[in-house]
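Numbering (our numbering), first residue to last: 2 to 563. All C-beta atoms in this analysis are idealised placements derived from N, C-alpha and C, irrespective of residue type, glycine included. A short write-up of the structure that comes next.
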């Protein structure tokens, strides 16, 4: 699913040699404010993501020679706000948005700065965005800083989602500085270097529509179409109504007719991408927790990681943000909120695009989401063909997990190790019966687990797989059902260590989250499958990084503060 598949490295050993093509900076200047990052004292580079570095064609940070040391120092200075790279054009973007259902016109990049748009040798362009870079004209009452707590969480979650294949912004590196930042308590400061194909948000369009800037809205739509949705444009563009002699044709405004048709096609694409994204969130138990329209990516990426959570015990009503008292952005609410947010984007486009056409396009959202969710759930449950009764089996699976608050990640992993040609292992039955719910480990709970497993076994056996086909089916399940997940309590342990100056656990967890489908000691899906066959379906779960929270632990909620 991800658009961020690594490309072959370009072997860049000097960050100063990187090429920048700053497309957003060529828009009218009232779309943004040029602003330099504020220097942060005592900055150390805590970690660099090798996967994200390869994506950008950066080899030097991955080697151990002198060129690596030089590149890492260049990166540290960049993240400390002490030095920009040649060709960067740092700016803060203006946008607005709906926050918890209410329109807020006073938004924009308040602590993050778009440093520049990096162009790789393969022709792809990525925003480099420094979060925690300092105050901007859009900071309002904020200090423009980020803290270790939120920065570690964004850094690890971004790279984990990419490893799952879920569309997401990326994070190249995490740096910690000597700043002391006032949040609920005083916390150490940090910066994250976010990497993204675009930072265009629903809120960019809302700003221009709500303020009546319809000519600017045309300009932004043209920019989005040319730079990110070229497939929505006709193959041969007619010239604008009044061509501008001092501009190349590619930079001139589109004709009104072309723009209207292409903008509707772009909206339809955004609907599909958003539906597919939220289907993946639901299938993998991810709760974004702050689905404001200014946090919604036009490209359908997971974006602006805040007080997010992944399900531990299965809980459809999980609300991990303690400021969301009404539960607006809870796990079960995300599909509906996605549609609501798309409706806001449609309203923002309505000054230029026919309202009835926009409304008709929104009618495809639910079907797209359900189709993608069904596809992902069949993959997670190891159902290689599609049958009408499958979603009933999925619903019963969710009910089983919810009844015993069964660990969401463990449940899929345990199921992945079961050879359905054999009786269900007792360990699997007991685990699926649950240990925390009101029926945990009761005879009734075990009977319910056994009954679902029997239905599942019959469904898979009806396919008529050979022994080798069954083995390949389980390998495929292991390859889409992660062993590791960024659990909130584990992240808090890592954060505490990083705050104390120890980055070893950060690197250890990052290593596992970027290769989440097997333990480092196994090193492959084949070895993981062999371990389960030899030592039982739960043999992997002795790894401390797979540890769920204690059964009697209180739920952990996070705040929006970063």
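Proximity of residue i and residue j at Cβ, strictly below 9 Å
{"i": "residue 39", "j": "residue 145", "result": "yes"}
{"i": "residue 420", "j": "residue 472", "result": "yes"}
{"i": "residue 302", "j": "residue 197", "result": "yes"}
{"i": "residue 194", "j": "residue 176", "result": "yes"}
{"i": "residue 314", "j": "residue 395", "result": "no"}
{"i": "residue 128", "j": "residue 117", "result": "yes"}
{"i": "residue 143", "j": "residue 150", "result": "no"}
{"i": "residue 566", "j": "residue 156", "result": "Outside the displayed range of the chain (2 to 563) lies residue 566, so it cannot be described from this structure."}
{"i": "residue 139", "j": "residue 93", "result": "yes"}
{"i": "residue 291", "j": "residue 307", "result": "yes"}
{"i": "residue 126", "j": "residue 293", "result": "no"}
{"i": "residue 311", "j": "residue 328", "result": "no"}
{"i": "residue 414", "j": "residue 221", "result": "no"}
Residue i classed as buried or exposed, judged by whether at least 16 other C-beta atoms fall within 10 angstroms
{"i": "residue 186", "result": "exposed"}
{"i": "residue 204", "result": "buried"}
{"i": "residue 501", "result": "exposed"}
{"i": "residue 588", "result": "The displayed coordinates of the chain run from 2 to 563. Any statement about residue 588 would go beyond what the structure contains."}
{"i": "residue 29", "result": "exposed"}
{"i": "residue 467", "result": "exposed"}
{"i": "residue 106", "result": "exposed"}
{"i": "residue 417", "result": "buried"}
{"i": "residue 199", "result": "buried"}
{"i": "residue 289", "result": "buried"}
{"i": "residue 553", "result": "exposed"}
{"i": "residue 216", "result": "exposed"}
{"i": "residue 536", "result": "exposed"}
{"i": "residue 410", "result": "buried"}
Residue i (DSSP reduced to helix, strand or coil)
{"i": "residue 303", "result": "strand"}
{"i": "residue 564", "result": "Any question about residue 564 goes unanswered here, given that the chain covers just 2 to 563."}
{"i": "residue 189", "result": "strand"}
{"i": "residue 129", "result": "strand"}
{"i": "residue 243", "result": "At residue 243 the pLDDT is 45, less than 50, meaning the model places this residue with poor confidence and gives no usable figure here."}
{"i": "residue 249", "result": "For residue 249, the predicted model reports a pLDDT of 49, less than 50, meaning its position is unreliable and no value from the coordinates is stated."}
{"i": "residue 297", "result": "coil"}
{"i": "residue 271", "result": "helix"}
{"i": "residue 1", "result": "Absent from the structure is residue 1, since the part of the chain shown begins at 2 and ends at 563."}
{"i": "residue 596", "result": "Because the chain in this structure spans residues 2 to 563, residue 596 falls outside the shown range and cannot be described."}
{"i": "residue 311", "result": "strand"}
{"i": "residue 503", "result": "coil"}
{"i": "residue 109", "result": "strand"}
{"i": "residue 31", "result": "helix"}
{"i": "residue 118", "result": "strand"}
{"i": "residue 324", "result": "coil"}
{"i": "residue 444", "result": "helix"}
{"i": "residue 420", "result": "coil"}
Cβ distance (whole Å) where residue i is taken to contact residue j below 8 Å
{"i": "residue 295", "j": "residue 97", "result": "7 Å"}
{"i": "residue 159", "j": "residue 152", "result": "No, residue 159 and residue 152 are not in contact; Cβ-Cβ is about 11 Å, not under 8 Å."}
{"i": "residue 336", "j": "residue 272", "result": "Between residue 272 and residue 336 the Cβ distance is about 13 Å, and since that is not below 8 Å, they are no contact."}
{"i": "residue 91", "j": "residue 115", "result": "7 Å"}
{"i": "residue 154", "j": "residue 133", "result": "Not quite, the Cβ-Cβ distance comes to about 13 Å (not below 8 Å), so this is no contact."}
{"i": "residue 539", "j": "residue 428", "result": "5 Å"}
>> For the pair the region 388-396 and the region 518-536, tell me if three or more CB-CB distances fall below 8 Å.
In response: no
> At a cut of 8 Å, does the region 350-365 reach the region 297-317 through at least three beta carbon pairs?
Replying inline: no
> Are the region 477-495 and the region 533-552 in contact at 8 Å, needing three or more beta carbon pairs?
Replying inline: yes
> Between the region 260-272 and the region 374-386, do at least 3 Cβ pairs fall closer than 8 Å?
Replying inline: no
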